[in-house]
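Report on one structure; see the data block that follows.
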Amino acid sequence: MPPADPPPPRPPSPGDGPRAADYLTRAFRLRCPECGRHPIFVPARSVRSLYDWFTPLDGCPECGYAYEREQGYFLLATWVVNYGLVAGGGLAAGLLLQSLTTMSTTRIVLILIAIMPLLSLALVRHAKAAFLAIDHYIDPHVKPPPPSA
Ligand SMILES: [Zn+2]
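In terms of our numbering, the sequence shown opens at residue 8 and continues consecutively.
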């Protein structure tokens with residue numbers, strides 16, 4: 008019996024494109040969600056102020072993707088992703104420390120109060136990049152071309 012021919016390649020459809028995992032990988036690397044080639048923020052070694060650290064660049068020089076769509080665009084990223092992760096992680100760490108150690112609650116709270124703002128500062132860029140990637144996946148700037156009839 009001769010081997011069956013492979014099915015012919017199907018033409019690209021509007022649904023084809025990067026998957027959610029691709030967008031999240033680009034966000035983890037702090038790269039443009041559309042092309043994945045250019046950074047969203049000033050590189051860490053070039054940061055000179057907190058403004059540089061917190062503020063995304065205007066957009067991607069290669070694909071033209073605008074990182075901040077409107078004023079306050081990253082508010083949800085800051086409050087939900089960053090503060091949610093830090094507060095949830097702090098609560099989990101506090102409960103874990105309380106159940107596994109003999110430290111007093113006051114001491115645990117003081118330790119966490121010292122660590123959580125630093126963790127929040129460290130995660131803010133990734134929170135914004137993840138929010139950007141999720142938003143781009145759900146509502147892409149660059150719409151796929153309409154299917155030809
Ligand atoms: Zn790009």
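We treat Cβ as the ideally placed atom computed from N, Cα and C, and that holds for glycine.
Under the 8 Å Cβ criterion, the stretch 82 to 97 counts as touching the stretch 125 to 140, having at least three qualifying pairs. Pairwise C-beta distances place the stretch 32 to 47 in contact with the stretch 61 to 74, as three or more of them are shorter than 8 Å. Beta-carbon to beta-carbon, Arg55 and Gly43 are separated by about 26 Å, too far to satisfy the 8 Å threshold.
For Gln105, the enclosing alpha helix (DSSP H) stretches over residues Gly91 to Leu107. Ranked by Cα distance from Phe48, the first of Ala94, Ser155 and Leu130 is Leu130. Looking only at Arg114, Gly79 and Pro46, the smallest Cα-Cα distance to Glu69 is reached by Pro46. DSSP, reduced to helix, strand and coil, places Arg52 within a helical segment of the structure shown.
Looking at the DSSP output, Gly66 sits in a beta bridge with Ala73.
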